[in-house]
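Okay, structure first, notes after.
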Amino acid sequence: MKAEPGELETGYIDGVELTTGDSIDIPALVLNGVEDGPTALLFSTQHGKELQGTEVVHEIMHRELSPERVRGAVIAIPVANPLAFMHATYRSWIDNRDVGYVNVDNPEGNTTERLANAIWSEAWSQADLVLNYHCNDHPDSLYFQIIEPTDETEADLKRAAQAFGVTTIRRDDRVDQGPSPVGSDTVPTLSNKGAAEGIPELMVEFIDGRYLDETSLRVGVDGTLNVLKEFDVLGGDPTEGPQEGITVVPCKYTGGSGVNRAHGMLRNDHGGILYPRQSTGEFVEAGEVVADVVDLHGELVEHVEMPVDGYLWAYAGAQQFATSGAMQTIESGGKVVYAFTHEPDPN
Ligand SMILES: [Zn+2]
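Okay, so the sequence shown: first residue is 1 according to the UniProt record's numbering, each after it adds one.
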């Protein structure tokens with residue numbers, strides 16, 4: 001799809017067909033500014049039950065931006081995986097694949113690869129900057145952003161992170177979560193291929209994705225407008241410093257020094273009900289209890305301890321329905337909580 005200069009077009013990127021022959025296409029909006037400039041992609045709901053970014057996209061595209069105010073273009077995809085969204089599942093219900101983790105270079109591949117190829121060709125590859133909106137499940141989760149810089153994207157990602165203004169967690173190699181989008185694996189995913197082509201991607205995480213909330217909307221809209229200003233897609237200067245009214249763990253990318261670095265997922269041995277015992281964004285010493293597991297008789301069966309000095313960003317839970325966090329329960333080796341560390345600057 002295309003928009004002429006000065007126009008906002010809504011439409012669909014051609015996707016796939018179900019067994020019934022019904023088309024499952026990807027909704028998209030293209031706002032082409034009167035003046036030339038960079039192209040930003042606002043990308044939400046790669047995971048089908050993560051709704052907050054959809055509302056951020058609606059607000060930005062219909063109420064905050066207009067073709068007269070935009071230099072360049074803004075492409076927006078409010079629901080990137082309609083197969084997952086239609087069943088409220090994390091991944092595609094048809095093949096249990098994640099549109100963000102499959103090969104984008106395979107237009108004749110499996111169902112989810114075809115969706116990824118369509119997104120890559122029609123949107124991601126056209127962008128100079130990508131904002132990729134996700135959500136955690138637990139209402140106590142931090143608002144945060146993950147960056148995974150390459151030499152080429154580091155400077156732009158630092159500017160984007162400072163402008164968005166939430167806790168920034170750097171990941172150089174994903175721990176315990178499958179292949180890294182930008183790391184050592186060579187699968188040309190949306191993130192991998194984008195990074196290889198020098199397209200900076202800021203991955204933003206809101207809280208509980210299943211119900212829209214005002215704080216996520218405000219954080220998403222304010223952060224996104226700031227990033228668009230920082231990259232001159234919008235006129236004006238971004239607001240300085242971290243966003244107000246939310247917990248921020250400072251680092252050199254957001255309001256401080258040092259680096260927050262992803263540590264990975266803490267896991268458990270015993271199954272039952274999961275009881276979080278710490279707050280996200282608060283310092284937790286190594287050895288402190290972060291969660292308890294209580295079995296179905298009501299007996300405490302496990303303390304899960306913090307392995308390092310650091311912080312938590314989100315409690316998760318059992319992995320039923322092809323996702324974590326659907327319920328406050330847990331199986332052995334489940335997803336208890338995500339942790340990160342803060343490394344001070346050397347000297
Ligand atoms: Zn997600």
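Note that CB positions come from ideal geometry on N, CA and C, so glycine has one too.
heavy atom of ligand 1 below 7 Å from residue i C-beta
i, result
"HIS47", "yes"
"HIS134", "yes"
"GLU50", "yes"
Candidates the options, of which the one nearest residue i by Cα
i, options, result
"ILE136", "GLU230, ASP95, LYS49", "Correcting the residue identity first, residue 136 is Asn in this sequence and not Ile. Nearest of GLU230, ASP95, LYS49 to ASN136, Cα basis: LYS49."
"GLU154", "GLU201, SER191, LEU115, PHE283", "GLU201"
"GLU17", "GLN126, LEU83, PRO38", "LEU83"
"ALA123", "ILE26, VAL102, ASN106", "ILE26"
"ALA88", "SER332, GLY209, ALA286", "GLY209"
"VAL74", "LEU129, ASN106, THR45", "LEU129"
"GLU148", "PRO67, VAL219, ALA262", "ALA262"
"residue 387", "LEU41, PRO242, PHE340", "Only positions 1 to 347 of the chain appear in the structure, and residue 387 is not among them; the question remains open."
"GLY334", "GLY264, GLN278, GLY310", "GLY264"
"ASP105", "GLU68, HIS297, LYS193, GLU299", "LYS193"
"VAL284", "TYR338, GLN328, GLY241", "TYR338"
"ARG63", "GLY53, VAL221, ASN226", "VAL221"
"ASP98", "ILE13, HIS297, ALA116", "ALA116"
Sequence-distant residues of its chain with Cβ nearer than 7 Å to residue i (five each side left out)
i, result
"LYS252", "GLY258, VAL259"
"LEU142", "THR167, THR247, THR280, GLY281, TRP313, ALA314"
"ASN347", "none"
"LYS158", "TYR253"
"PHE340", "ILE169, ASN260, ARG261, ALA262, HIS263, GLY310, TYR311, TRP313"
"GLU55", "LEU212, LEU217"
"VAL249", "THR167, ASN260, GLY281, TYR311, HIS342"
"THR224", "LEU42, VAL56, ILE60, LEU131"
Continuous beta strand (DSSP E) stretch holding residue i: start and end
i, result
"PHE231", "Premise fails: PHE231 is in no beta strand (DSSP E) and is neither H nor E."
"GLU302", "300 to 305"
"GLY271", "Note, GLY271: premise wrong, no beta strand (DSSP E); not H, not E."
"GLU154", "It is not in any beta strand (DSSP E) - GLU154 instead sits in the alpha helix (DSSP H) that spans 154 to 164."
"LYS335", "335 to 343"
"LEU8", "7 to 17"
"ALA291", "289 to 294"
Neighbourhood of residue i by C-beta, 8 Å cutoff - its chain only, sequence neighbours within 5 removed
i, result
"LYS229", "ALA163, GLY235, GLY236, ASP237, PRO238"
"GLY37", "VAL70, ARG71, GLY72, ALA73, ASP232, VAL233"
"HIS270", "VAL293, ASP295, VAL301, GLU302, SER332"
"ILE330", "ASN268, GLY271, GLY272, ILE273, LEU274, VAL293, GLY317, ALA318, VAL336"
"GLU240", "none"
Delimiting residues of the alpha helix (DSSP H) encompassing residue i
i, result
"GLY317", "It is not in any alpha helix (DSSP H) - GLY317 instead sits in the beta strand (DSSP E) that spans 311 to 317."
"ARG114", "111 to 122"
"ASN347", "No alpha helix (DSSP H) holds ASN347; DSSP gives it neither H nor E."
"SER23", "Run containing SER23: none in the alpha helix (DSSP H); it sits in the beta strand (DSSP E), 23 to 32."
Own chain residues within Cβ distance below 6 Å of residue i, not counting five before or after
i, result
"THR19", "none"
"VAL57", "LEU42, SER44, ALA76, PRO78"
"ARG170", "ILE147, VAL259, ARG261"
"MET306", "VAL284, ALA286, GLU288, VAL290"
"PHE144", "VAL166, THR167, ILE169, GLU205, TRP313"
"VAL187", "ASN103"
"SER121", "none"
"GLU113", "VAL102, ASN103, ASN106"
Residue i: CB within 7 Å of a non-hydrogen atom of ligand 3
i, result
"GLU152", "No copy of ligand 3 appears in this structure; the ligands present are ligand 1."
List, from N- to C-terminal side, the beta strand (DSSP E) runs of 3 residues or more that fit wholly inside the region 38 to 109.
Taking only runs of at least 3 residues, the beta strand (DSSP E) segments lying wholly in the region 38 to 109 are 71 to 77.
Runs of alpha helix (DSSP H) lying entirely within the region 199 to 256, each at least 4 residues, in chain order
If we require 4 residues or more, the alpha helix (DSSP H) runs fully inside the region 199 to 256 come out as 214 to 230.
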